[in-house]
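These notes are about the structure you will find just below.
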Amino acid sequence: MIDLHTHSSCSDGILPPDAVVALAAKSGVDCLALTDHDTVDGLDLACSAAREHGIQLIPGIELSMNWNNRGIHVLGLNIDKKSSALQSVISKNLKFRVERAKKIALKLSKVGIKDAYQGAQLAAKGRMITRTHFARYLIEQKYAKNFSDVFKRYMVKGKPGYVHCEWVSLAEGLDAIIAAGGIAAIAHPLRYKCSATLLRRLCAEFKSLGGRALEVSWGGASPAMVQSASALAERYDLMVSKGSDFHDPENSWIKLGKMPDIATHLKPIWTSWTDSNY
Ligand code: AMP
Ligand code: MN
Ligand code: MN
Ligand code: MN
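In the working numbering, the protein residues as written are 62 to 339.
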């Protein structure tokens, strides 16, 4: 089984990198990419765990990028984590995360929610702060009952805990992935609330900037989503990727290695590399 999109506690996942690998191996995954948001910090541990368990580890990242005034997630797969171009975009995004977290907490305090920065920081155990960590704090403080409720009411555009993104641009992010020897794949293309026209523009621009793949199947994607993402991949002659977007072993509908099947005539990204870049 192949799973090219997973998160550890180095970003907003629950399990440490070696535990993600152990659970993946136990779940029957034999080719795994760890793709934490804006960091490669988990890759060393994941790689040694993968050796121990006899599975292939593809070093990856899920980079946040700004395109057309919105945040887009692009997977960098089989990257060289030591690349200085990659390190440079990572540090820009991490600096933005700290600034954004402070602004989010300030906005939440204006609607009466106290200590959100400290709360998110505790949830993140001192590592990078993501919206997921604010969401966990808000759920724990009973401001919302679950993730979909907390995102809808607080953490998305137009809501009190939302702050506009200033991630690196699509061009800068793609350049970095390419400089690091990786293949760039747009993650979960149907989650961006883009019209069909805008999504096609994204794919066209992505491709012209050196992007080579589209994630067409992800944990929780419906058959209709997989079909429209696959049609986009064909239209723009992009390779296809698939991954669970695993974050939390307690989540009963997103499991390591589990995502809808993809059509056999598409060009899978995993046949494009002969060996892991590790
Ligand atoms: P950030 O990178 O800090 O903007 O946080 C984005 C993360 O929030 C995503 O990677 C997801 O893990 C999580 N997220 C975004 N929207 C939702 C949602 N509706 N429900 C649950 N988690 C979400
Ligand atoms: Mn996430
Ligand atoms: Mn994502
Ligand atoms: Mn993800």
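Note that the Cβ used here is the ideal one computed from N, Cα and C, for glycine as well.
beta-carbon residue i near ligand 2 non-hydrogen atom, thresh 6 Å
{"i": "residue 73", "result": "yes"}
N- and C-terminal bounds of the beta strand (DSSP E) containing residue i
{"i": "residue 303", "result": "300–304"}
{"i": "residue 149", "result": "Element bounds for residue 149: not the beta strand (DSSP E) but the alpha helix (DSSP H), 145–171."}
{"i": "residue 92", "result": "92–95"}
{"i": "residue 293", "result": "Segment 284–296 is the alpha helix (DSSP H) holding residue 293; no beta strand (DSSP E) there."}
{"i": "residue 277", "result": "274–279"}
heavy atom of ligand 1 below 6 Å from residue i C-beta
{"i": "residue 192", "result": "yes"}
{"i": "residue 212", "result": "yes"}
{"i": "residue 70", "result": "no"}
{"i": "residue 208", "result": "yes"}
Opposing strand residues paired with residue i [DSSP bridges]
{"i": "residue 229", "result": "126"}
{"i": "residue 138", "result": "121 and 244"}
Near ligand 3: residue i beta-carbon under 6 Å from a heavy atom
{"i": "residue 248", "result": "yes"}
{"i": "residue 134", "result": "yes"}
Spatially closest choice to residue i from the options, by CA coordinates
{"i": "residue 261", "options": "73, 62, 102 and 289", "result": "289"}
{"i": "residue 303", "options": "198, 176 and 274", "result": "274"}
{"i": "residue 63", "options": "181, 231, 221 and 82", "result": "82"}
{"i": "residue 226", "options": "333, 287 and 156", "result": "156"}
{"i": "residue 237", "options": "271, 252 and 212", "result": "271"}
Rounded C-alpha distance that separates residue i from residue j
{"i": "residue 277", "j": "residue 167", "result": "37 Å"}
{"i": "residue 210", "j": "residue 162", "result": "20 Å"}
{"i": "residue 193", "j": "residue 296", "result": "34 Å"}
{"i": "residue 250", "j": "residue 317", "result": "20 Å"}
{"i": "residue 154", "j": "residue 99", "result": "7 Å"}
{"i": "residue 293", "j": "residue 257", "result": "10 Å"}
{"i": "residue 223", "j": "residue 298", "result": "35 Å"}
{"i": "residue 171", "j": "residue 308", "result": "30 Å"}
{"i": "residue 110", "j": "residue 93", "result": "11 Å"}
{"i": "residue 121", "j": "residue 184", "result": "24 Å"}
beta-carbon residue i near ligand 4 non-hydrogen atom, thresh 6 Å
{"i": "residue 97", "result": "no"}
{"i": "residue 276", "result": "no"}
{"i": "residue 309", "result": "no"}
{"i": "residue 113", "result": "no"}
{"i": "residue 306", "result": "yes"}
Residue i: first and last residue of the uninterrupted alpha helix (DSSP H) it sits in
{"i": "residue 211", "result": "208–211"}
{"i": "residue 311", "result": "Per DSSP, residue 311 belongs to no alpha helix (DSSP H) and is neither H nor E."}
{"i": "residue 82", "result": "78–87"}
{"i": "residue 105", "result": "104–114"}
Check: residue i C-beta below 6 Å from any heavy atom of ligand 5
{"i": "residue 122", "result": "In the structure shown, ligand 5 is absent; the only ligands present are ligand 1, ligand 2, ligand 3 and ligand 4."}
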